[in-house]
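> Sharing a structure with you now.
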Amino acid sequence: MATETTNESGIIRGGQFIVKETNPQDVFTPEDFSEEQIMMKESVTEFVDKEVVPHKERFEKKDYALTEEVMRKAGEMGFLGVAVPEEYDGLGMGFVSTMLVCDYISGATGSIATAFGAHTGIGTMPITLYGTEEQKKKYVPKLATGEWFGAYCLTEPGAGSDANSGKTKAELTEDGKHYKINGQKMWISNAGFCNVFVVFARLEDDKNITGFIVENDPSNGITLGEEEHKLGIHSSSTRQVFFNDCLVPVENMLAGRGEGFKIAMNALNVGRIKLAAACLDAQRRVISLATQYANEREQFKTPIAKFGAIRKKLADMATSAYVGESASYRAAKDIENRIHIRQEQGDEFATAELKGVEEFAIECSILKVAVSEDIQNCSDEGIQIYGGMGFSADAPMEAAWRDARISRIYEGTNEINRMLAVGMLVKKAMKGHVNLLEPAMAVANELTSIPSFDVPDFSEPLSEEMDMIKKLKKVFLMVAGSAVQKFGTELEQHQQLLMAASDILIEIYMAESAILRTQKNIARSSEEAQKEQIAMSQLYLYNAVKIIQNRAEEGIASFAEGDEQRMMLMGLKRFTKYTNLPNIVALRNTIADKVTDSNAYPF
């Protein structure tokens with residue numbers, strides 16, 4: 012019974028942040044890392060600085076053998092097995108620690124980030140979480156140690172975002188001992204050096220695809236296309252894979268018949284939050300390089316880091332990185348807590364992990380979108396700070412920008428993830444898992460009531476910002492509540508409206524996460540010690556309010572008219588109004604001072 016109480020009072024459900032207030036003490040922040048986690052972070056950083064950074068040029072020149080070599084060394088260090096239970100030769104670390112390793116191993120080049128993500132995530136995890144005991148014993152230890160590498164064959168020429176529409180066929184042989192697989196897969200990361208594929212194929216006319224574990228044996232009807240020529244991630248092996256009467260033992264079916272779509276979707280949930288993590292250290296490294304360049308580069312006899320136009324860029328870049336970290340580790344710990352609760356209630360590891368991540372699928376989609384767009388903007392501004400040099404392949408920004416571009420596409424495009432985030436929230440509300448209806452009705456009633464003209468007490472640090480977050484949640488409830496009322500189950504056909512609602516949801520989660528992290532750290536240090544973090548929280552929120560105003564207005568204009576529209580627009584004005592507008596230039600200068608004085612990303 013004790014667990015149940017914790018479950019009800021202390022542990023939130025996925026998506027509930029939009030209707031609940033969160034206590035700063037209840038969020039996990041990077042400042043909460045344990046000694047073991049800090050040692051792990053240092054160990055991974057040291058590995059990347061030694062094995063990856065000095066060879067940046069080789070990674071840009073399509074040195075696939077180097078990627079394989081670094082991955083093998085990562086396996087020897089135990090980094091490939093962080094999320095794998097100890098009984099299968101992994102380290103069996105908690106979810107936050109697996110995020111941490113993914114974060115710091117991915118920052119120096121997108122080629123290693125992709126190889127690592129594809130192997131540990133979609134290559135190893137489906138077998139770890141869905142495999143039979145025999146399958147796990149046979150394959151997972153080899154994958155966890157880097158003796159073997161894994162890849163994941165889902166995408167086809169005609170099946171991208173619509174993953175369940177694949178044409179690859181699996182047919183039972185007459186003797187009933189094998190499945191014969193025929194078909195074509197594309198964009199398969201690690202294909203050039205992997206030993207085992209997780210392949211999705213359709214049996215007969217099944218509604219859903221089925222997963223299979225397929226060893227990479229060229230003599231068994233498996234051929235690879237040439238390495239793809241890509242915009243970025245040059246040393247990530249990406250090939251087409253063709254299956255021609257490839258025989259797979261019946262015992263290599265993964266989970267049950269028709270379970271493949273479920274495997275694919277759940278693997279993507281984990282992949283999404285890990286992709287957000289994989290974009291974090293990339294931002295830190297880009298910011299540090301851009302800052303060092305700005306401090307050294309002189310124009311008009313002055314380091315360009317002293318110019319306001321450059322300081323604005325550095326402040327915005329640092330703010331996005333800080334916010335991305337805050338939100339990513341907040342969600343990671345929520346997932347870890349949910350996994351622990353399920354294990355306490357008797358679930359085995361695989362079920363607990365799957366259900367824990369699935370519970371926070373909304374947050375996984377939010378993070379995937381937000382952080383992948385932040386690294387793109389960050390590397391773009393990095394090029395701009397370097398000026399003409401930024402456009403040159405001899406400087407580091409050009410490769411960072413190209414590598415960043417794929418993050419908005421894989422693990423489900425950002426457009427798909429935007430629609431998923433709101434769609435999943437509405438489904439949760441309909442199941443009664445998140446109470447959206449009552450708060451939405453309360454906001455609707457508030458629109459017709461006379462507003463209070465009392466000025467709240469905002470003497471506590473970030474108290475006005477937390478009040479603004481409460482009001483922004485009302486904006487979401489007002490727009491999404493009215494849209495659901497208007498369109499019901501047909502809402503998913505209104506993609507532009509879903510995207511607008513999603514941007515509101517994303518900005519609220521990201522801004523709130525940063526404010527909660529900063530509040531928690533003020534409580535354990537001081538306001539003065541957190542002055543730059545306060546500035547970043549305020550700056551991010553200010554920008555978030557502008558985005559939310561814009562997206563909400565677009566949504567309201569698209570489905571409401573007449574008195575209803577006027578009422579909602581008045582509500583929008585009320586819910587996005589500051590009592591005390593922050594001095595944005597002063598905030599940016601506070602952040603830029605800290606970044607340039609540290610000559611690196613310092614937070």
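In the numbering used here, each number is its position in the sequence shown, counted from 1, plus 11.
Ideal Cβ placement from N, Cα and C applies to all residues, glycine included.
Here the structure is a predicted model, which means the values were calculated and not measured.
(1) Under 6 Å Cβ to Cβ from alanine 491, same chain only, skipping five residues before and after it: list those, please.
(2) Count the other C-beta atoms from every protein chain shown that fall within 10 angstroms of the C-beta of threonine 139, then say buried if there are 16 or more, exposed otherwise.
(3) May I have a chain-ordered list of the alpha helix (DSSP H) segments no shorter than 4 residues that lie completely inside the segment 58-122?
(4) Spatial neighbours of phenylalanine 70 within its chain, please: C-beta separation below 6 Å, excluding the five flanking residues on both sides.
(5) In the structure shown, what three-state DSSP assignment does glycine 222 receive?
(6) Give me the Cβ distance between proline 35 and alanine 534, rounded to the nearest whole Å; I'm assuming they're in contact under 8 Å.
(7) Considering only the alpha carbon of each residue, which of Gly566, Glu422 and Met489 lies closest to aspartate 173?
(8) Measuring CA to CA, which of Val486, Met430, Arg413 and Leu473 is closest to leucine 447?
(9) Tell me which residue opens and which closes the beta strand (DSSP E) that alanine 162 is part of.
(10) Indicate whether the contact test is met: 3 or more Cβ pairs, each with one atom in the segment 73-88 and one in the segment 148-161, closer than 8 Å.
(11) Valine 6 to isoleucine 133, Cα distance in whole Å?
(12) Among Glu167, Trp198, Pro41 and Gly89, which one has its Cα closest to the Cα of lysine 153?
(13) Can you tell me whether lysine 584 is buried or exposed, with buried defined as 16 or more other CB within 10 angstroms of its CB?
(14) Quick one, are the C-beta atoms of serine 390 and alanine 411 less than 7 Å apart?
(15) Taking the beta strand (DSSP E) that methionine 197 falls in, what are its first and last residues?
(16) Would you kindly work out how many angstroms separate the C-alpha atoms of serine 176 and serine 200, rounded to a whole number?
(17) Could you work out which residue in Val259, Leu242, Glu237 and Lys241 is closest to aspartate 228 when comparing CA atoms only?
(18) Specify, as a first and last residue, the run of the beta strand (DSSP E) that glutamate 182 falls within.
(19) Could you check the C-alpha separation between isoleucine 53 and valine 107 for me, to the nearest Å?
(20) Isoleucine 192 to lysine 178, Cα distance in whole Å?
(21) Please return the same chain residues whose Cβ sits closer than 6 Å to the Cβ of serine 339, not counting the five positions on each side in sequence.
(22) Taking the alpha helix (DSSP H) that leucine 258 falls in, what are its first and last residues?
(23) When you measure from the CB of glycine 171 to every non-hydrogen atom of the ligand SAH, does any distance come out below 6 Å?
(24) Quick one: residues in its chain with C-beta nearer than 6 Å to the C-beta of threonine 587, no 5 flanking neighbours on either side, listed in chain order?
(25) May I ask you to report which of helix, strand or coil DSSP gives alanine 411?
(26) Could you compute how far the alpha carbon of glycine 101 sits from the alpha carbon of lysine 148?
(27) Report yes if the CB atom of glycine 232 is closer than 7 Å to the CB atom of leucine 265, and no otherwise.
(28) Consult DSSP for phenylalanine 39 and reduce its assignment to one of helix, strand or coil.
(29) Could you give the DSSP three-state label for valine 207: helix, strand or coil?
(30) Mapping the DSSP letters down to three states, classify alanine 170 as helix, strand or coil.
(31) In this structure, does DSSP put threonine 14 in helix, strand or coil?
(32) Please classify glutamate 309: does DSSP put it in a helix, a strand, or coil?
(33) Please report the distance separating the alpha-carbon of leucine 488 from that of alanine 494.
(34) Are the beta-carbon atoms belonging to arginine 416 and glycine 243 less than 7 Å from one another?
(35) Could you give the residue range of the beta strand (DSSP E) that holds leucine 235?
(36) Could you check if arginine 577 is buried or exposed, using at least 16 other CB atoms within 10 Å of its CB as the buried criterion?
Here's the rundown:
(1) Ala512
(2) buried
(3) Runs of the alpha helix (DSSP H) lying entirely within the segment 58-122, each at least 4 residues long, are 67-71, 75-87 and 106-116 in chain order.
(4) Listed in chain order, the non-local C-beta contacts of phenylalanine 70 below 6 Å within the same chain comprise Thr120, Ser122 and Ser246, local neighbours out to five positions each way being set aside.
(5) strand
(6) 7 Å
(7) Nearest to aspartate 173 by C-alpha distance, out of Gly566, Glu422 and Met489, is Glu422.
(8) The option with the nearest alpha carbon to leucine 447 is Val486.
(9) 161-164 is the extent of the beta strand (DSSP E) around alanine 162.
(10) yes
(11) Since the first residue of the chain shown is 12 and the last is 614, residue 6 is not available in this structure.
(12) Gly89
(13) exposed
(14) yes
(15) 189-200
(16) 20 Å
(17) Val259
(18) 180-183
(19) Per the sequence shown, residue 53 should be read as glutamate rather than isoleucine. Straight-line Cα distance between these residues: approximately 15 Å.
(20) The C-alpha of isoleucine 192 lies about 11 Å from the C-alpha of lysine 178.
(21) Ala287, Ala288 and Leu378
(22) Premise fails: leucine 258 lies in the beta strand (DSSP E), 249-260, not in any alpha helix (DSSP H).
(23) No copy of the ligand SAH occurs in the structure displayed, which carries no ligand at all.
(24) Val556 and Gln560
(25) helix
(26) 12 Å
(27) no
(28) coil
(29) Strand.
(30) strand
(31) Per-residue confidence for threonine 14 stands at a pLDDT of 29, beneath the threshold of 50, marking its modelled position as unreliable; the derived number appears in the next sentence. Here threonine 14 sits in helix by DSSP.
(32) When secondary structure is reduced to three states using DSSP, glutamate 309 falls in the strand class.
(33) 10 Å
(34) For arginine 416 and glycine 243, yes; Cβs fall inside 7 Å.
(35) Counting along the chain, the beta strand (DSSP E) containing leucine 235 begins and ends at 233-235.
(36) exposed
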